[in-house]
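Under my numbering, the residues of the sequence shown are numbered 524 to 813, in order.
Contents: one structure, followed by commentary.
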Amino acid sequence: MSDAPIQRLAQRALILLPEDSVDWSRERAALWSNALSGGYLRAYGELARITLDDLKCIDRQKSVLLRNTKQFVMGAPANNALLTGARGAGKSSLIHALLNAFSEDGLRLVQVEKAALGSLADLTAKLRDLPYRFLVMCDDLSFDLGDDAYRELKSALEGSVFTASENMLIYATSNRRHLMPERMSDNLASSHSDTGEVHPGEAIEESLSLSDRFGIWLSFYPFPQDEYLVIAEHWFAQLARAHGLDLAWSDEVRGDALRWALARGSRNGRTAHAFAKDYVGAELVARESS
524 MSDAPIQRLA
534 QRALILLPED
544 SVDWSRERAA
554 LWSNALSGGY
564 LRAYGELARI
574 TLDDLKCIDR
584 QKSVLLRNTK
594 QFVMGAPANN
604 ALLTGARGAG
614 KSSLIHALLN
624 AFSEDGLRLV
634 QVEKAALGSL
644 ADLTAKLRDL
654 PYRFLVMCDD
664 LSFDLGDDAY
674 RELKSALEGS
684 VFTASENMLI
694 YATSNRRHLM
704 PERMSDNLAS
714 SHSDTGEVHP
724 GEAIEESLSL
734 SDRFGIWLSF
744 YPFPQDEYLV
754 IAEHWFAQLA
764 RAHGLDLAWS
774 DEVRGDALRW
784 ALARGSRNGR
794 TAHAFAKDYV
804 GAELVARESS
């Protein structure tokens, strides 16, 4: 039997397989995804131009991660970091702002899809010898016990992968501090000695073991009303200025911002930014229509 049909099928399959297409001298960020052939990189495209000054009311978290990132960029020892807490509080935005701050110093970012965590070793092999410093960003992580992706990330943080490459660091974000669901039933595996000593069950230990592998933990919290208004005013002023509008922050605008947050049931940076875009956008359309 001729091998020609098999060869033709193989050639067609190769055409369909994605190839890495990232020129790191021009691109600042890429996405690591899975394909039939394994993990591959593709350019992330245009990134948000957010700066550290745009991130209000998270000064402590910003200070800690800025110092750690500066150490990493300078080639000094630095820690993997886990950012957890309230949605829309600035976790992912802080990482993007750090990329913008240090990209001229050789910092680059690779965002890893959860499905591609199993090929972190392949990613390390691709990036290890490049003359850049890479933040490996795992965004909005959440796992169940027994999840293969959970085991792969846990193994990488243990040191089998990332300590072998000094130009890579993991920054992860999650709404869960321990990255995994915590159930009352997990406590059924605990036992108590006669002296009152508590011996946590294996289920509890397993649920904590991943987050324990991050050297830095940073918690983000819902903003109180005053801080939410500070953030809303910042974005309001910035967007108005960007579109050439002479808009003043007033008691009326302040009330609209509070009603916007109340309607969405949340006071966070994302809500504040959305309010500013809605208000300034509507004002811009109204002026152009008049």
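Glycine included, each C-beta is placed from N, C-alpha and C at the ideal position.
From a predicted model like this one, the values you see are computed outputs, not experimental measurements.
Taking C-beta atoms under 8 Å as the contact rule, A784 and Y751 qualify, at a distance of about 6 Å. Per the C-alpha coordinates, the member of L807, F798, I754 and I573 positioned closest to L621 is I573. Between F595 and the set S742, Y655 and N623, the nearest pair of CA atoms involves Y655.
In this structure, the CA atom of D663 is about 5 Å from the CA atom of T696.
Secondary structure of A558 (DSSP, three-state): strand. For S697, no alpha helix (DSSP H) run applies; the uninterrupted beta strand (DSSP E) run containing it begins and ends at M691 to S697, by DSSP. When rounded, the separation of the alpha-carbon atoms in R583 and I693 is 20 Å.
Judged by beta-carbon spacing, W555 lies within the 8 Å limit of A639, meaning their Cβ atoms are closer than that value. Annotation for S544: L564, R565 and A566 place their beta carbon closer than 8 Å to its own, counting only its chain and skipping 5 residues before and after. Here N791 is not near A571, since their CB atoms are 8 Å or more apart.
Within its own chain, the residues whose Cβ lies closer than 8 Å to the Cβ of E550, once the five positions on either side in sequence are excluded, are A566, Y567 and R631, listed in chain order. Rounded to whole angstroms, the gap between the alpha carbons of A624 and L575 is 8 Å.
Beyond the five residues adjoining it in sequence on each side, A601 comes within less than 7 Å, by CB distance, of N591, Q594, F595 and L692 in the same chain, given in chain order.
Taking the Cα positions, A755 is about 43 Å away from G561.
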